[in-house]
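Chemist: Structure provided below as structure tokens; questions to follow.
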Amino acid sequence: MQTFQLNDVLSEHRPHLRSFAYKFTKDDSEADDLIQDTMLKAMRYADKFIEGTNLKAWLFTIMRNTFINDYRKETRKNAVVTQEDEISNAHLMTSATKNEAEGKFAMADIQKTLSKLPKCYYDPFIQYFEGYKYHEIAEDLNIPIGTVKTRIHMARQILQKQLKVYRK
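Residue numbers (this note's numbering): 394 to 561.
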């Protein structure tokens, strides 16, 4: 299917996608973003669509998977590393938050340990916990996927060793 024909066909399904996206996000602007991501992926992977099959179902599947993947990325990012300069108590492991003073020490220790990671370990580690997949990190850093996995593993080992005092 040619690109201009695909645009027309996708536009016909936009109202259905809108209501489906809103059920996931419960927010107008996030629903619009999800629709846009879905449309872009549909155009990018148009060659994967088999003519004669249900286009609407294919689009809904792309949207659902996009939403799930984005949700997982966000969950992982919020679980370990934040974009803020300072990590709050809410983002620390529960074992590190017995009281406010201990939490402040834990935050300082985590930030200190992260800052001491060699750049070759730090970059893939942070990207992984921001929700990027191994192959995305490999492309971004222009290194083999096996190297990405090794560096993330090494970063985890260093962090576990340096922060073992906070284990339960």
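Glycine is no exception: its CB is placed at the ideal position from the N, C-alpha and C atoms. In this text, all values refer to a predicted model and were calculated from it rather than measured experimentally.
Closest to glycine 539 by C-alpha separation, out of Pro517, Ile551 and Leu552, would be which residue?
Modeler: Residue Pro517 is the option with its Cα nearest to glycine 539.
Chemist: Taking the alpha carbon of alanine 450 as the reference point, which residue from Leu427, Glu423, Lys509 and Leu410 has its own alpha carbon closest?
Modeler: Ranking Leu427, Glu423, Lys509 and Leu410 by Cα distance to alanine 450 puts Leu410 first.
Chemist: With burial defined as no fewer than 16 other Cβ atoms inside 10 Å of the residue's Cβ, what is the status of alanine 501: buried or exposed?
Modeler: Flag for alanine 501 reads exposed.
Chemist: Under 6 Å Cβ to Cβ from aspartate 478, same chain only, skipping five residues before and after it: list those, please.
Modeler: Because the pLDDT of aspartate 478 is 48, which lies under 50, any placement of that residue in the model is unreliable, and the question is left without a value.
Chemist: Pull up the distance between the alpha-carbon of arginine 457 and that of isoleucine 530, whole angstroms please.
Modeler: Going from the Cα of arginine 457 to the Cα of isoleucine 530 covers about 23 Å.
Chemist: Excluding five sequence neighbours on each side, which residues of the same chain lie with their C-beta closer than 7 Å to the C-beta of threonine 418?
Modeler: Taken in chain order, the residues that qualify are Ala424 and Leu427.
Chemist: What would DSSP say about glycine 524, mapped onto helix, strand or coil?
Modeler: Note: glycine 524 maps to coil in three-state DSSP.
Chemist: Going by DSSP, what residue range makes up the alpha helix (DSSP H) through valine 541?
Modeler: From DSSP, the alpha helix (DSSP H) with valine 541 extends over 538–555.
Chemist: Reducing DSSP to helix, strand and coil, say where lysine 419 ends up.
Modeler: Residue state, collapsed to three classes: coil.
Chemist: Please work out which residues of its chain come closer than 8 Å, Cβ to Cβ, to aspartate 421, disregarding the five sequence neighbours upstream and downstream, and give them in chain order.
Modeler: Within the same chain, aspartate 421 has close Cβ partners Tyr415.
Chemist: Among Tyr525, Leu534 and Thr506, which residue has its Cα nearest to the Cα of cysteine 387?
Modeler: What is shown of the chain runs 394 to 561, which leaves residue 387 out entirely.
Chemist: In whole angstroms, give me the CA-to-CA distance for serine 508 and tyrosine 515.
Modeler: Roughly 8 Å between the two C-alpha positions.
Chemist: What is the DSSP secondary structure of proline 511, counted as helix, strand or coil?
Modeler: It is coil, neither helix nor strand.
Chemist: In terms of alpha-carbon separation, which member of Gln520, Pro537 and Thr431 lies closest to isoleucine 455?
Modeler: The shortest Cα separation from isoleucine 455 among Gln520, Pro537 and Thr431 belongs to Thr431.
Chemist: What do you get for glutamine 520, buried or exposed, if any count of 16 or more other CB atoms within 10 angstroms of its CB means buried?
Modeler: Classification for glutamine 520: buried.
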